[in-house]
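*Asks:* I have a structure I would like to understand better, so I am pasting it below and will then ask my questions one at a time.
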Amino acid sequence: MRLSGPSYPKATASMASFQMTGFPRRSRVLLFALILFCVLVLLPKPGLHVGRALLFFMFSPDSAGSDWHKGLNLDILKYVDPLIGTTDGGHVFPGATLPYGIAKAVADTLSPAENAAGFVSDDAPILGFSHMHDSGTGGNPSLGNFPIFFHPGCPEDDFVQCRYALRERMTDRVNGSAYATPGYFRINLTNSVQAEMTATERTALYRFTFPGTPTVEVEDVDVPYSPLVVVDLADLANSRSGGAIQIFPDLVRVAGNGTYGPSFGLGSYNAFFCADFRGASLRKSGTFLSNTATEEPKWLGSGVYIPPGSAGAWLQFEKPESDSILARVGLSFISVDQACANAENEIADFGFESVHKAAQRQWAEKLSVIKVDAAGVSDELQTTFWSGLYRSLLSPQNYTGENQLWNSSEPYYDSFYCIWDSFRAQHPLLTIIDPVAQTEMIRALIDTYRNIGKLPDCRMSFCKGFSQGGSNADIVIADAYIKNLTEGIDWETAYEAVLSDAEVEPRNWGLEGRGNLVSWHNLGYIPWDDKDTNGTGPSSRTISRSVEYAYDDFCISLMAAGMGHQGDAEKYHKRSANWKNLWNPEQRDLYRDSDNDVVQTVFKGFMMPRMLNGTWRYQNTRTCSPVHEMHRCYFDTGLDTYEGSPWLYSFFVPQDMGGLVEAMGGRERFVERLTYFHTSGIAYMGNEPTFLPVFQFHYAGRPGLSSYWAHRYIPSLFNASINGIPGNDDCAMGAFSALAFMGFFPVAGQDVYLLTPPFFREVAIRTKLGSRAVIRVLNFDPTYAAKYIQSARLNGKPYTRNWITHDFFLTGGVLEFTVGSVEGAWGSRDEDLPPSYPVLGMGG
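Following full-length UniProt numbering, the numbering of the sequence shown begins with 1 at its first residue and continues without gaps.
Written out as structure tokens, the structure is:
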């Protein structure tokens with residue numbers, strides 16, 4: 001349909017100004033601090049430790065120019081590098097955005113196997129600059145709708161001779177010119193154009209700068225200086241169907257819409273944009289199909305078929321007054337009118353610098369909930385920490401007010417890519433550092449159930465994504481319940497939703513819920529040859545789905561017990577023991593060595609697929625690990641594990657680690673086996689199920705080995721290089737490293753955090769109640785030779801457990817470690833181990 005002229009609300013406010021702290025006041029603070037330091041130096045030795053703590057909170061190396069009490073530390077932004085993970089499969093979005101923001105502006109590259117998030121740090125050419133992306137995903141490219149692209153001019157000043165189609169217009173970047181910081185991205189193109197971008201919640205703001213000379217050399221041809229912008233209806237995945245676009249010359253505006261497909265699911269979604277340009281007078285305008293441009297008509301659509309691929313509008317300008325043109329692109333999933341309103345409400349005055357500074361401030365406010373004493377810690381490690389924390393706040397995206405599927409007063413978050421990836425680290429991290437956002441996400445999941453009928457495992461662009469394993473939204477909801485997230489959460493409906501996952505099989509369990517439920521309920525496992533007549537989905541992943549279903553049921557049992565449903569609590573607790581039904585105690589670990597001889601290790605007992613009649617079926621214990629057929633276990637393959645081997649999934653029994661330790665031969669053999677997992681090449685940190693096994697030494701009384709392996713993986717796999725993460729980020733890789741740096745790792749779905757020494761002298765987290773949760777290393781060793789806890793004190797009292805509960809992060813306190821260069825006995829006694837919740841006998 002042809003777009004009608006929208007109504008344009010008048011902007012009523014401009015962006016807030018940004019001011020730095022005045023120098024004279026800072027001088028007085030530093031003078032006072034210097035005097036206090038001299039006094040503290042003269043204190044007797046027992047007082048030094050107290051003095052250092054006081055100094056830390058006053059002016060640590062990372063606190064200059066900040067006010068932690070007010071929640072702001074702009075200086076930490078220098079340690080955030082959004083370009084980390086933009087190559088080698090990281091798929092990180094490095095462009096301009098806000099925490100959980102819809103607008104995500106960046107340069108899109110021609111990197112077919114890598115550009116899931118638009119930009120890749122390689123040498124591929126630039127296709128355009130688009131305004132919506134997802135970060136860290138696997139699979140196909142996501143979003144990238146409505147890219148714009150600037151030519152500095154056209155050959156012979158003839159717009160027909162400019163290039164319009166995506167593959168025709170693409171231009172090389174100037175190598176090394178890409179630069180990113182929170183809320184800002186910049187890159188230079190070889191056609192002489194520099195592109196800068198920043199963003200608000202739903203609006204991207206670009207500044208395109210030109211040389212200003214009468215002619216510009218483009219591909220060895222001098223073209224007259226008269227910038228021409230291409231506005232394309234395409235998306236990264238070339239999934240567009242239909243759509244419309246219209247030019248409003250008097251407003252120097254282009255607006256349009258299209259229908260697109262999701263990157264890892266089924267369905268379609270509608271998207272709308274409203275682009276305004278400032279800085280130069282308009283000369284000409286028109287539309288294009290593929291590489292053919294005309295001045296008329298000024299619109300495409302209105303029942304006229306627009307073929308797939310590049311199609312859109314173009315505008316050509318006179319010489320810009322300051323040799324730059326601003327492009328403001330408002331976005332919406334509701335209408336063009338709402339896209340225009342979003343732009344005018346959020347960026348009324350096209351003030352690039354003020355928008356950039358406001359974005360910086362929002363990022364600083366989010367990150368400043370954490371304060372570290374980084375004395376002695378390298379810039380690279382600090383960058384690894386803060387950048388990982390930053391990436392944890394990119395998604396899910398807050399689409400509240402833009403829900404095109406149903407009307408609701410509840411929050412709506414999208415881009416859950418996927419909960420299978422994020423439940424283990426990201427959501428527990430957000431529960432601590434951003435409980436308001438995590439609470440809204442829980443409410444959004446519940447509202448999705450209320451309106452769609454099932455909780456999602458994966459959701460993007462208003463579409464159902466493919467379920468990778470269990471119904472793991474159950475774990476996210478249970479985790480929130482036991483950690484007292486309450487504001488506005490309808491727990492009765494939440495409980496109804498998780499029971500639906502456990503009891504009601506959907507028609508297509510490849511998209512939501514669980515499959516094979518008759519066998520799960522009656523046999524206590526998913527048979528390899530199951531005959532499921534109640535629903536449909538990939539007949540695969542019987543091991544990984546079974547162990548995840550068992551843990552999902554355990555988490556439901558915790559909710560049931562807390563809500564007074566004792567019968568349900570007992571039922572689901574019993575089902576949590578179903579992992580035992582796939583444990584083949586006689587299965588050996590076999591592999592072929594370099595001479596092609598079959599070798600048998602000492603390890604016995606693995607999760608194995610099982611038939612309806614109870615007999616065992618064999619899957620090589622190492623299949624789908626880096627040492628054997630790494631890429632065979634995905635959503636649509638016929639094997640019994642997902643993105644991991646039976647070796648890996650044999651460790652996934654968080655609800656009964658005590659029982660698993662015994663099944664593997666006791667503590668000593670368990671430690672030997674877990675160590676072999678990490679040393680043999682079987683472990684792959686690029687997939688999230690390997691996160692918890694880094695810390696599972698705790699369950700055998702060897703927390704020092706958890707610390708050892710955390711330090712092995714950081715910085716060897718998690719570091720500040722461009723390829724500084726080992727796999728798709730999923731906003732989870734950053735969460736893993738951030739948690740390890742701070743000295744604790746969650747057992748998602750339980751009130752348990754496994755403790756290791758932080759990578760800093762001190763970490764302080766502002767709690768939801770406004771107090772501080774402090775983790776301090778009394779005798780910190782910046783070489784990390786001393787990384788084993790010898791003793792601990794909590795609020796001044798001896799603390800021997802190698803784990804802690806969420807109450808510490810809710811009410812605050814001080815946890816102090818003394819470390820050494822060899823393992824001590826701390827955390828090794830039976831009473832110091834994390835809890836296990838065994839079920840006598842078999843599940844089912």
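We treat Cβ as the ideally placed atom computed from N, Cα and C, and that holds for glycine.
1) Once the 5 residues before and after A561 are set aside, which same chain residues still bring their CB inside 6 Å of it?
2) Can you check which of these residues, D501, T215, A437, N596, is closest to Y413 by C-alpha distance?
3) Return helix, strand or coil for G89, following the three-state DSSP convention.
4) Measuring CA to CA, which of F210, D108, A113 is closest to F185?
5) Looking at the unbroken beta strand (DSSP E) that takes in Y269, where does it start and where does it end?
6) State whether the stretch 677–685 contacts the stretch 643–661, with contact taken as three or more CB pairs (one from each stretch) at a distance under 8 Å.
7) Note the first and the last residue of the continuous alpha helix (DSSP H) segment covering Y713.
8) Buried or exposed for G267, going by 16 or more other Cβ atoms inside 10 Å?
9) Looking at K319: is its Cβ nearer than 8 Å to the Cβ of A364?
10) Thinking C-alpha only, which one of G176, Y788, T767 is nearest K483?
11) For the beta strand (DSSP E) holding E114, just list the boundary residues, first then last.
12) At which residue ranges does the stretch 380–466 contain complete alpha helix (DSSP H) runs of 4 or more residues, listed in the order of the chain?
13) Identify, in the order they occur along the chain, each residue of the same chain with its Cβ nearer than 7 Å to the Cβ of L485, setting aside the five sequence neighbours on each side.
14) Can the beta-carbon of I543 be found less than 8 Å from the beta-carbon of T641?
15) Where does D232 sit, in a helix, a strand or coil, going by DSSP?
16) Please identify the residue among H806, V369, Q404 whose C-alpha is closest to the C-alpha of M460.
17) Can you have a look at S14 and say buried or exposed, based on whether 16 or more other CB atoms are within 10 angstroms of its CB?
18) Can you tell me whether DSSP reads S544 as helix, strand or coil?
19) Going along the chain, which residues of its own chain have a beta-carbon closer than 6 Å to the beta-carbon of L754, five neighbours each way excluded?
20) Flag this pair as yes or no: are the beta carbons of K604 and R588 separated by less than 8 Å?
21) By the three-class DSSP mapping on this structure, what secondary structure does E296 have?
22) Quick one: using the 10 Å Cβ neighbour count with 16 as the cut-off for buried, is Y305 buried or exposed?
23) Among the candidates S121, T137, F150, whose CA atom is the shortest distance from the CA of G128?
24) Which residues bound the beta strand (DSSP E) around A735?
25) Among residues of its own chain, excluding the 5 on either side of G261, which ones have a beta-carbon nearer than 6 Å to its beta-carbon?
26) Which residue marks the beginning of the alpha helix (DSSP H) containing W520, and which one marks its end?
27) How close, in whole Å, do the beta carbons of R202 and E346 come, if the pair is a contact with beta carbons under 8 Å?
28) For P538, which residues in the same chain have their Cβ closer than 7 Å to its Cβ, ignoring the five residues on either side in sequence?
29) Report the three-state DSSP secondary structure of S828 (helix, strand or coil).
30) So the candidates are V752, A785, D729; which of them puts its Cα closest to the Cα of L393?
31) For the structure I just gave you, are there three or more beta carbon pairs, one from the stretch 415–430 and one from the stretch 359–379, closer than 8 Å?
32) Can you name, in chain order, every residue of its own chain whose Cβ lies under 8 Å from the Cβ of P307, other than the five neighbours on each side?
33) In chain order, which continuous runs of the alpha helix (DSSP H) of length 4 or greater are located wholly inside the stretch 742–801?
34) Taking Cβ positions, are V193 and F210 nearer each other than 8 Å?
35) Could you check the C-alpha separation between A124 and R167 for me, to the nearest Å?
36) Classify E503: buried if its beta carbon has 16 or more other beta carbons within 10 angstroms, exposed otherwise.
*Replies:* On the basis of the coordinates in this document:
1) Close CB contacts of A561 within its chain, under the 6 Å cut and outside five residues either way in sequence, are with A569 (chain order).
2) Cα-wise, what sits closest to Y413 is A437.
3) DSSP places G89 in coil when its eight states are reduced to three.
4) A check of alpha carbon separations from F185 across F210, D108, A113 identifies D108 as the nearest.
5) Looking at the DSSP string, the run of the beta strand (DSSP E) that includes Y269 is 269–278.
6) A contact is defined here as three or more CB-CB pairs under 8 Å, and the stretch 677–685 meets this definition with respect to the stretch 643–661.
7) Per DSSP, Y713 belongs to the alpha helix (DSSP H) from 703–716.
8) Exposed.
9) It is not a contact, given that the beta carbons lie outside the stated cut-off.
10) Between K483 and the set G176, Y788, T767, the nearest pair of CA atoms involves T767.
11) Taken as a continuous stretch (DSSP letters only), E114 belongs to no beta strand (DSSP E), as it is neither H nor E.
12) As far as the stretch 380–466 is concerned, its whole alpha helix (DSSP H) runs of at least 4 residues are 419–422, 426–433, 435–452.
13) When the five nearest sequence neighbours on each side are left out, the beta carbons in the same chain lying within less than 7 Å of the beta carbon of L485 are those of T431, P435, Q438, T439, I442, in order along the chain.
14) Their beta carbons are under 8 Å apart, which means I543 touches T641 by this criterion.
15) Three-state DSSP puts D232 in a strand.
16) Measuring from the Cα of M460, the nearest candidate turns out to be Q404.
17) Its pLDDT being 30, under 50, S14 is placed unreliably by the model, and nothing is read from it.
18) DSSP places S544 in helix when its eight states are reduced to three.
19) So the qualifying residues of the chain are F695, H698, F745, W803.
20) Cβ distance < 8 Å, so K604 and R588 count as in contact.
21) If DSSP states are grouped into helix, strand and coil, E296 belongs with coil.
22) With fewer than 16 Cβ atoms within 10 Å of its Cβ, Y305 is classed as exposed.
23) Among S121, T137, F150, the Cα nearest to that of G128 is on F150.
24) Where A735 is concerned, there is no enclosing beta strand (DSSP E), although the alpha helix (DSSP H) it sits in stretches over 733–742.
25) S239, S268.
26) Its alpha helix (DSSP H) spans residues 517–522.
27) Here R202 really is in contact with E346; their C-beta atoms are around 6 Å apart, less than 8 Å.
28) For P538, where only same-chain residues beyond five positions count, the Cβ hits under 7 Å are G510, F635, D636.
29) In this structure, S828 counts as coil in the three-state DSSP scheme.
30) Between L393 and the set V752, A785, D729, the nearest pair of CA atoms involves D729.
31) Verdict: no, contact absent.
32) Counting only Cβ-Cβ distances below 8 Å, and skipping sequence neighbours, we find L289, S290.
33) Listed in chain order, the alpha helix (DSSP H) runs fully inside the stretch 742–801 amount to none, counting runs of at least 4 residues.
34) Their beta carbons are under 8 Å apart, which means V193 touches F210 by this criterion.
35) Their backbone Cα atoms lie some 12 Å apart in a straight line.
36) E503 should be labelled exposed.
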